[in-house]
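Chemist: My structure is below; once you've seen it, I'll send some questions.
In UniProt numbering, the protein residues as written are 1 to 106.
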């Protein structure tokens, strides 16, 4: 039942029987997030979740992650996508493996 609920929440219920090679990048990312949430996690690690997506799919993933965070899930995110920083509560910037800034954003 939880799986069906997550499929509907992330608007991927229509692709549940498709082969992964037939899914779009956005569908694959939403599937990965839903799969991670199956264990009712409180922390979600996301490494470049929008790296290979078009701008519409990227926006959709950002909105999903923001909603999850608003619902109490901690999101630890690695990205080069500046748009994520607009909603982040804390931004840690790394350069050459070293922390160069650590800022509270809101």
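The C-beta atom is built at its ideal place from N, Cα and C for all residues, glycine as well.
Give me the Cα-Cα distance between residue 75 and residue 46, rounded to the nearest whole angstrom.
Modeler: In a straight line, the C-alpha of residue 75 is about 7 angstroms away from that of residue 46.
Chemist: From this set, 97, 26 and 20, which residue's C-alpha is nearest residue 56's C-alpha?
Modeler: Out of 97, 26 and 20, 26 has the C-alpha closest to the C-alpha of residue 56.
Chemist: Note the first and the last residue of the continuous alpha helix (DSSP H) segment covering residue 55.
Modeler: Here the alpha helix (DSSP H) through residue 55 covers 55-70.
Chemist: Skipping 5 residues on each side, what residues in its chain have a beta carbon closer than 6 angstroms to that of residue 93?
Modeler: 100 and 101.
Chemist: For residue 14, which residues does DSSP report across the bridge?
Modeler: DSSP, once it has assigned bridges, lists no residue as partnering residue 14.
Chemist: Pick out whichever of 81, 36 and 32 has its Cα sitting closest to the Cα of residue 54.
Modeler: Per the Cα distances, 81.
Chemist: So, helix, strand or coil for residue 52, using DSSP?
Modeler: Correct three-state label for residue 52: coil.
Chemist: May I have the straight-line CA-CA distance separating residue 24 from residue 85, to the nearest angstrom?
Modeler: If you take the alpha carbons of residue 24 and residue 85, they lie about 25 angstroms apart.
Chemist: Secondary structure at residue 42, three-state DSSP: helix, strand or coil?
Modeler: If DSSP states are grouped into helix, strand and coil, residue 42 belongs with coil.
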